[in-house]
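Numbering (the working numbering), first residue to last: 12 to 176.
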């Protein structure tokens, strides 16, 4: 069985990502047991779909994945984010969440290491994953899903602070 293991974000503010790939499904966990979310993505031909998190606190993933591109939607039509990336044998470059409010995706593949950054210098998160036998586009999508899960968690904490909870 192939694996995807590593971290999105830093030591203090970040999520681990551990998942197994069986050639059709990527299943695992983003984050820990308490603040984490399950990840389940299915790749059927060039169609990718799945869910991150549970029924209430989670989001769907739905899109298209080829050897050269990733195009997916995370979340719903109204409250969701697009992911678009160009894939090459050495990595991925693209955009997550739109042209104005979005974040850059720049990830380099060196051997089995997928490293880089999602977002900018100040508000972005580092990516450091070991990719063993997992298709590059699926690993990139999982990294963006982990970034979104972490961003959603940080936004929820900020909203709670503002409400004084």
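We put the beta carbon where it would ideally sit given N, CA and C, even for glycine.
Would you decide whether residue 114 is buried or exposed? Buried here means 16 or more other CB atoms lie within 10 Å of its CB. buried
Would residue 160 pass as a contact of residue 125 if the rule is Cβ separation under 9 Å? no
Helix, strand or coil at residue 24 [DSSP, three-state]: coil
First and last residue of the uninterrupted beta strand (DSSP E) at residue 140: 136-143
Minimum C-alpha distance to residue 58 - residue among 84, 13, 38 and 88: 84
Return the bridge partner residues of residue 60 from the DSSP annotation. 53 and 73
Below 9 Å between beta carbons: does that hold for residue 53 and residue 145? no
Does the distance from the C-beta atom of residue 81 to that of residue 152 stay below 9 Å? yes
Local conformation of residue 164 per DSSP, three classes: helix
Does the CB of residue 19 have a neighbour CB from chain C at under 9 Å? In the displayed structure, chain C is absent; only one protein chain is listed.
Alpha carbon to alpha carbon, how far is residue 37 from residue 51? 6 Å
Looking at the structure shown, is residue 118 part of a helix, part of a strand, or coil, going by DSSP? strand
Given that a residue counts as buried once 16 or more other Cβ atoms are within 10 Å of its Cβ, and exposed if not, what is residue 90? exposed
Can you find the residues in the same chain that come closer than 6 Å, C-beta to C-beta, to residue 106, ignoring five residues on each side of it along the sequence? 95 and 113
Across which residues does DSSP place residue 16 in a beta bridge pair? 29 and 141
In three-state DSSP terms, what is residue 133? coil
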